[in-house]
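This report refers to the structure that appears directly beneath it.
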Amino acid sequence: MASRAILILSLCATLGILAPACKATEFVLYSNPATVLVPGQNFSYDMTPIGLPYGPADLVMQKDCNLVSHYKGEFSWASNTSGAADYCYLTVSNYGAAVIKGNYHYPVWTSPITSNISGDYVLILQWNGGLATYGPSIWSSTNKAEFGSIEIKNETKDYVVYSYSVLPIGPIATYKDFHLVLEDSCNLVLRRTDSGKVLWQTNKYSDCP
1 MASRAILILS LCATLGILAP ACKATEFVLY SNPATVLVPG QNFSYDMTPI
51 GLPYGPADLV MQKDCNLVSH YKGEFSWASN TSGAADYCYL TVSNYGAAVI
101 KGNYHYPVWT SPITSNISGD YVLILQWNGG LATYGPSIWS STNKAEFGSI
151 EIKNETKDYV VYSYSVLPIG PIATYKDFHL VLEDSCNLVL RRTDSGKVLW
201 QTNKYSDCP
């Protein structure tokens, strides 16, 4: 699969917000805190409903222990681990490897490890049905993490921005109570949706077309 640079608005890392434990969030798995794709569960990526030619793609952890991805309804890739173990699930390690485990956490398949750096990684289902891991982060905004009594909700929205994306003025990404928006002044702002508090901004202004 082609390697693509990616900017991930990972508020789990930037803002200290935890993803729901043991549950994949749309098309992303986290190494810390660990999330998994359990037997029979799938996640998908589809931007075609809003007019963008990315997807549809899906990834399913089949109950027979085979991990399979599809692109536009056609078979794309498989781990070829059918029957390898019982109750298999997919996770991502602290070294960026995708790992299928079964039989009480026994590894039955792992992707090649290209990093010797332990850190926070994400496994992403890409728009064309490919899989890739990314991390540690190469850049982060300077706002400090906010901690407190935060209700964890199951709902998620698009919060991944690709290097090939061309985004217009307006909302860019949303995750739980956090919102990234490119304002009419060309200032990029990250704020809380519940209070409107600005957590970070580029402080760059110009006359946008």
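Residue 1 is where the sequence shown starts when you use this note's numbering, and the numbers rise one by one after that.
Yeah, the Cβ is synthetic: ideal placement off N, Cα and C, and Gly gets one too.
The structure displayed is predicted, hence computed values, not measured ones.
Asked	Found
Secondary structure of I50, DSSP reduced to three states	helix
P107, DSSP secondary structure in three states	strand
C-alpha gap between E155 and K176, whole angstroms	Caution applies to E155, whose pLDDT of 33 falls short of 50 and renders its modelled position unreliable; the value that the coordinates give is listed next. Spanning the two alpha carbons is a distance of roughly 7 Å.
S111 versus M47: straight-line alpha-carbon distance, rounded	27 Å
One or two residues paired with W77 in a DSSP bridge	S69
Exposure label - I117; buried when at least 16 CB within 10 Å	exposed
Within 7 Å, strictly: CB atoms of V92 and S44	no
Distance between beta carbons of L90 and A98, contact taken as under 8 Å	7 Å
Cut-off 8 Å between Cβ atoms - residues of its own chain near N103, not counting five sequence neighbours on either side	A85, D86, Y87
Burial state of F27, where buried means 16 or more other Cβ atoms lie within 10 Å	buried
CB contact flag (Y205, W127, <7 Å)	no
Sub-7 Å separation of W109 and T133 beta-carbons	no
CA-to-CA distance, K101 to P39, given in whole angstroms	11 Å
Exposed unless 16 or more other CB atoms sit within 10 angstroms - verdict on F178	buried
CB of L59 within 7 Å of CB of L125, strictly	yes
In DSSP terms, what D211 is bridged to	In the structure displayed, the chain extends from 1 to 209; residue 211 sits before or after that span and is not available.
Residue(s) in a DSSP beta bridge with L199	According to DSSP, which records beta bridges pairwise, L199 is partnered with nothing at all.
Own chain partners of T193 with C-beta closer than 8 Å, once the 5 adjacent residues on each side are dropped	T174, D177, F178, H179
Continuous beta strand (DSSP E) stretch holding V181: start and end	178 to 182
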